[in-house]
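Peer 1: Heads up: the sequence shown at position 61 corresponds to 60 in numbering that gives the first Met the number 0, and the numbers run straight through without jumps.
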Amino acid sequence: MIKKHVLINALEHKGKAAPKAVLGKVLSENKELKTKIPETLKEIEKIVKEINALSIEDQKKLLEDVYP
Numbered sequence: 000m001i002k003k004h005v006l007i008n009a010l011e012h013k014g015k016a017a018p019k020a021v022l023g024k025v026l027s028e029n030k031e032l033k034t035k036i037p038e039t040l041k042e043i044e045k046i047v048k049e050i051n052a053l054s055i056e057d058q059k060k061l062l063e064d065v066y067p
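(1) Start and end of the alpha helix (DSSP H) containing T39?
(2) Only counting the same chain, and skipping five residues up and downstream in sequence, which positions put a Cβ closer than 8 Å to that of L62?
(3) Whose C-alpha, out of S27, K48, Y66 and E38, is nearest the C-alpha of A17?
(4) Determine, using beta carbons only, whether K33 and L26 come nearer to each other than 8 Å.
(5) Quick check on S27: does DSSP put it in helix, strand or coil?
(6) Near I36, what residues of its chain come up, given a Cβ to Cβ distance below 8 Å and the 5 sequence neighbours on each side ignored?
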């Protein structure tokens, strides 16, 4: 679920996702994570780093392949 939101956010912002924006989306979708914000943000930051390193084309392909 986190990777999906990171990919969407990256594609909305010229290939660069913003961790805190993704955190808001993730927390709104999974209320249980509100008690684990530091751990969740750390995981988001790790995934953002991976996704931001990809080209926009690779980000689009990954989103289409993994989350059709």
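Even glycine gets a Cβ: it sits at the ideal position worked out from N, Cα and C.
These figures come from a predicted structure and were not determined experimentally.
Peer 2: Taking the structure as given:
(1) I36 to N51 is the span of the alpha helix (DSSP H), which, as asked, contains T39.
(2) The residues are K3, L6, I7 and L10.
(3) Per the Cα distances, K48.
(4) Yes, the Cβ-Cβ distance between K33 and L26 is below 8 Å.
(5) Look at S27 here: in three-state DSSP terms it is helix.
(6) Excluding residues within five positions, the ones whose Cβ falls inside 8 Å are L22 and L26.
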